[in-house]
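Number of protein chains: 2
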Amino acid sequence: MKTESTRRAEPRGLASRELPLNQILAGDCIEVMNSLPESSVDLIFADPPYNLQLKGDLHRPDNSKVDAVDDHWDQFTGFAAYDQFTREWLAAARRILKPNGAIWVIGSYHNIFRVGASLQDAGYWILNDVIWRKSNPMPNFRGKRLTNAHETMIWASKSENSKYTFNYEALKSLNEGIQMRSDWVLPICTGGERLKDDKGDKAHPTQKPESLLHRILIGSTNPGDVVLDLFFGTGTTGAVAKMLGRDFIGIEREEAYREIATKRLERVRRLDAGALATTTGKRAEPRVPFGQVVERGMLRPGEELYSLDSRHKAKVRADGSLIGNDVKGSIHQVGAALQRAPSCNGWTYWHFRREGRMVPIDTLRQQIRAEMQAEDTPRPN
Amino acid sequence: MKTESTRRAEPRGLASRELPLNQILAGDCIEVMNSLPESSVDLIFADPPYNLQLKGDLHRPDNSKVDAVDDHWDQFTGFAAYDQFTREWLAAARRILKPNGAIWVIGSYHNIFRVGASLQDAGYWILNDVIWRKSNPMPNFRGKRLTNAHETMIWASKSENSKYTFNYEALKSLNEGIQMRSDWVLPICTGGERLKDDKGDKAHPTQKPESLLHRILIGSTNPGDVVLDLFFGTGTTGAVAKMLGRDFIGIEREEAYREIATKRLERVRRLDAGALATTTGKRAEPRVPFGQVVERGMLRPGEELYSLDSRHKAKVRADGSLIGNDVKGSIHQVGAALQRAPSCNGWTYWHFRREGRMVPIDTLRQQIRAEMQAEDTPRPN
DNA sequence: ACCTAAAGTGAATCTACAG
DNA sequence: CCTGTAGATTCACTTTAGG
Chain X
1 MKTESTRRAE PRGLASRELP LNQILAGDCI EVMNSLPESS VDLIFADPPY
51 NLQLKGDLHR PDNSKVDAVD DHWDQFTGFA AYDQFTREWL AAARRILKPN
101 GAIWVIGSYH NIFRVGASLQ DAGYWILNDV IWRKSNPMPN FRGKRLTNAH
151 ETMIWASKSE NSKYTFNYEA LKSLNEGIQM RSDWVLPICT GGERLKDDKG
201 DKAHPTQKPE SLLHRILIGS TNPGDVVLDL FFGTGTTGAV AKMLGRDFIG
251 IEREEAYREI ATKRLERVRR LDAGALATTT GKRAEPRVPF GQVVERGMLR
301 PGEELYSLDS RHKAKVRADG SLIGNDVKGS IHQVGAALQR APSCNGWTYW
351 HFRREGRMVP IDTLRQQIRA EMQAEDTPRP N
Chain D
1 MKTESTRRAE PRGLASRELP LNQILAGDCI EVMNSLPESS VDLIFADPPY
51 NLQLKGDLHR PDNSKVDAVD DHWDQFTGFA AYDQFTREWL AAARRILKPN
101 GAIWVIGSYH NIFRVGASLQ DAGYWILNDV IWRKSNPMPN FRGKRLTNAH
151 ETMIWASKSE NSKYTFNYEA LKSLNEGIQM RSDWVLPICT GGERLKDDKG
201 DKAHPTQKPE SLLHRILIGS TNPGDVVLDL FFGTGTTGAV AKMLGRDFIG
251 IEREEAYREI ATKRLERVRR LDAGALATTT GKRAEPRVPF GQVVERGMLR
301 PGEELYSLDS RHKAKVRADG SLIGNDVKGS IHQVGAALQR APSCNGWTYW
351 HFRREGRMVP IDTLRQQIRA EMQAEDTPRP N
């Protein structure tokens, strides 16, 4: 396995240097991939059409119409056509993956079983299936099925013996000391993050949240890695990759999406090296992980936190750890070190500035807890 | 869709009466299923071998053993054998399912994608994929992957137009009044529920928790339904089915498991009817034509009805239709037309005035329903 | 400006039955 | 098979409107 310290063991070949880095390539993803050199990218992310096969309109109980995914790119004549499409892009993708490369694919029950089986047949080796549990899904309006509250992602290496990248400690750190599980609770993409067109409508019907890609890229790539997105859309993968200091290549067929993504990417700023460094040591601790505050964008990597008396400050890092005065670690550890105290509750010690005021980060934890309580009701039967 | 009130609409055929109810049948599940009459069971639950790593034993439908192979080139052989086994039991299961029957299959990423694709290919219609999120999973000891903290279930009807059973209100009630989502947080089977053998070791490696089957059977069967478990194991499905007043059939190849399950089932007691009753929605109520309200003199022809905000009004006619603003038709049609909405539930939209208050006409329907129930209930004289 | 109420919205395979 | 109609059905969150 490649780890944080050994990731440079695999030298970039000549072919890799010729890659069209940090660009959006126009065209069909299979054709474009076939024009790229083999064994040249570290990670592929694919959010292919789901083949939803929707029939009539759907109305909410208040009679408003649900804005469905009826785009032409989601139309297939049947399972056979969809399977062939899937097999072809999976094969092309595997060719350009480095031997130790990996792939992430996201889908729903409409397509994910077919994609998963084709992926296994193509020689990929599944590492985990990961559930994106949506904290705020669209309900089932007709009361005819369960609320479709999740999507499924498959994480697979190029082959069974690939030394894939897995930043175990960074993910554990994002989860405040507890192993990251295969189910990730994250909100869908709404609000200011959701891109709008000229008319104020959503620019893309299926824009993914940056928090999802943040966790994927932190966990399965290193800074400087090349991340390829086969169905780039509005460029969420590119935006997060750029922010996190990874190189990206996007492939997108629709010009409208390419234009939106290009503008979006111009606004993204790369984090500095300090914010990008991730924890390699060990830690442990309790309930709501501070990493979720970062993943959810409540605090930005690179943002500064202050003690209430402003005597100490520290910088937020991408994996949910802090760095202040050369001390790295959890919000608790850094707070304790700077005070030369044996311990410190980072949640109440650290504050961020909003509109001139100092706000304790514990308010952000309370927000997350409120959401978790709403979405998470374990019941022993 | 079958609801609580209509589930008896589908008569049991002669064949159904010949089913070996509440028994554990010995043998290979495909052969046993082929000996059962077609279109005879309401629900099938299947917890098939997960094909873990293809390293353990895998048997073909003819009971011959597949040689486990680690060689890369032989992987396809492994998948092919597993796929054939899957297709055969799925086909046999579909034959004995009633037209409105459904199936649940549980698996992990090792097999669930292949099972799901085969299931779609066989003509089943996926209703939901459901995530069993384990509240207490085994951690990943080597730190090389994410903690595998969930399993995936697929819920599918026999065909696209099956009127499958879905007890929406009962599940909503289980979830404290909020509609049930596709992710279920439940603990794994441990403690006193976990069956032990003579030596005190776990009797079965993958015993499922009763809470899981409880939710499945409450949500997708009615009392008296026939539930078939193809890989019965220690009989969790049978135990929960018996407790919930469903009939079960179990198929199990291993004698040791059949013995354990038999003992287990003897200890299970069937709940009484009062405990079995579940919440039902309006769909289960008998239909009442608005004309009956007029016939019974609860509203007079010529009387005016109003929307709650009094923006629209309409006049009752002798035949139980309405006329408002030159639009004539049913209470639903006139309500929809006046609001320019695609549809409208006239029962809740229209109100009449009594003693200065606005009363929804649905209260009149409820009165009629109450009288109908009183008539149906024989009174001891 | 600030608080509250109302409206809007999200990858959705979303009805049952009489005639 | 088809068509037409009765009539049942929503959660979490954001944005906008109104006071």
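Heads up: the sequence lines are chains X and D, in that order.
Residue numbers are given in UniProt numbering: position 201 of the first sequence equals residue 201, and the series is strictly consecutive.
Residue numbers are given in UniProt numbering: position 324 of the second sequence equals residue 324, and the series is strictly consecutive.
In this text, a Cβ means the ideal position worked out from N, Cα and C, and glycines have one as well.
Here the structure is a predicted model, which means the values were calculated and not measured.
With distances taken Cα to Cα, identify the nearest neighbour of residue i among the options.
i	options	result
residue 290(X)	246(X), 263(X), 362(X)	362(X)
residue 259(D)	247(D), 198(D), 31(D), 309(D)	198(D)
residue 367(D)	346(D), 298(D), 326(D)	298(D)
residue 184(X)	191(X), 192(X), 190(X), 175(X)	175(X)
residue 41(X)	28(X), 97(X), 329(X)	97(X)
residue 273(D)	222(D), 121(D), 132(D), 172(D)	222(D)
residue 359(X)	332(X), 306(X), 333(X)	306(X)
residue 128(X)	23(X), 157(X), 137(X)	157(X)
residue 18(X)	75(X), 138(X), 141(X), 226(X)	226(X)
residue 167(X)	101(X), 217(X), 339(X)	217(X)
residue 24(X)	256(X), 308(X), 356(X)	256(X)
residue 48(D)	152(D), 95(D), 125(D), 21(D)	152(D)
residue 269(X)	293(X), 254(X), 276(X), 243(X)	243(X)
residue 46(D)	112(D), 36(D), 38(D)	112(D)
residue 123(D)	334(X), 79(X), 240(X)	79(X)
residue 341(D)	229(X), 44(X), 62(X)	62(X)
residue 294(D)	146(D), 320(D), 237(D)	320(D)
residue 317(D)	37(D), 303(D), 230(D)	303(D)
residue 311(D)	278(D), 375(D), 350(D)	350(D)
In chain X, which residues lie less than 8 Å from residue i when you measure between Cβ atoms?
i	result
residue 139(D)	179
residue 168(D)	143, 144
In chain X, which residues lie with their C-beta within 7 Å of the C-beta of residue i?
i	result
residue 279(D)	Simply none; closest approach about 12 Å.
residue 385(D)	Since the first and last residues shown for chain D are 1 and 381, residue 385(D) lies out of range.
Along chain D, which residues have their Cβ under 7 Å away from the Cβ of residue i?
i	result
residue 182(X)	146, 147, 148, 149, 150
DSSP puts residue i in a beta bridge; with which residues?
i	result
residue 128(X)	155(X)
residue 248(X)	227(X)
residue 147(X)	181(D)
residue 103(X)	44(X), 156(X)
residue 186(X)	134(X)
residue 202(D)	196(D)
So residue i contacts chain D; which residues on that side make the cut at Cβ distance below 8 Å?
i	result
residue 50(X)	Within chain D, no residue comes near residue 50(X); the closest Cβ sits about 12 Å away, beyond 8 Å.
Give the residues of chain X in contact with residue i, contact being defined as C-beta atoms less than 9 Å apart.
i	result
residue 343(D)	59, 63
**OP:** Residues of the segment 348-359 of chain D with a CB closer than 8 Å to any CB of chain X: list them in chain order, please.
**Re:** Sequence-ordered contacts of the segment 348-359 of chain D with chain X are nonexistent [C-beta pairs closer than 8 Å].
**OP:** Select from the segment 55-80 of chain X all residues with a C-beta closer than 7 Å to any C-beta belonging to chain D, and list them in chain order.
**Re:** For the segment 55-80 of chain X, which is checked against every Cβ of chain D, the residues closer than 7 Å are 59, 63, 79.
Original post:
Taking Cβ-Cβ distances below 8 Å as the criterion, which residues of the segment 119-140 of chain D are in contact with chain X?
Top reply: Residues 119, 120, 121, 126, 127, 128, 129, 130, 131, 133, 135, 137, 139, 140.
Subject >> 3 or more residues per run - each beta strand (DSSP E) lying fully within the UniProt domain "RAMA" (275-373) of chain X >> reply: Qualifying beta strand (DSSP E) stretches, in chain order: 304-307, 313-316, 322-324, 327-329, 350-354, 357-360.
Original post:
Between the segment 89-114 of chain X and chain D, which residues of the former have CB atoms less than 9 Å from a CB of the latter, in chain order?
Top reply: Residues 108, 109, 110, 112, 113, 114.
Original post:
Unbroken beta strand (DSSP E) runs of length 3 or more, entirely within the segment 16-96 of chain X: which are they?
Top reply: Qualifying beta strand (DSSP E) stretches, in chain order: 23-26, 41-46.
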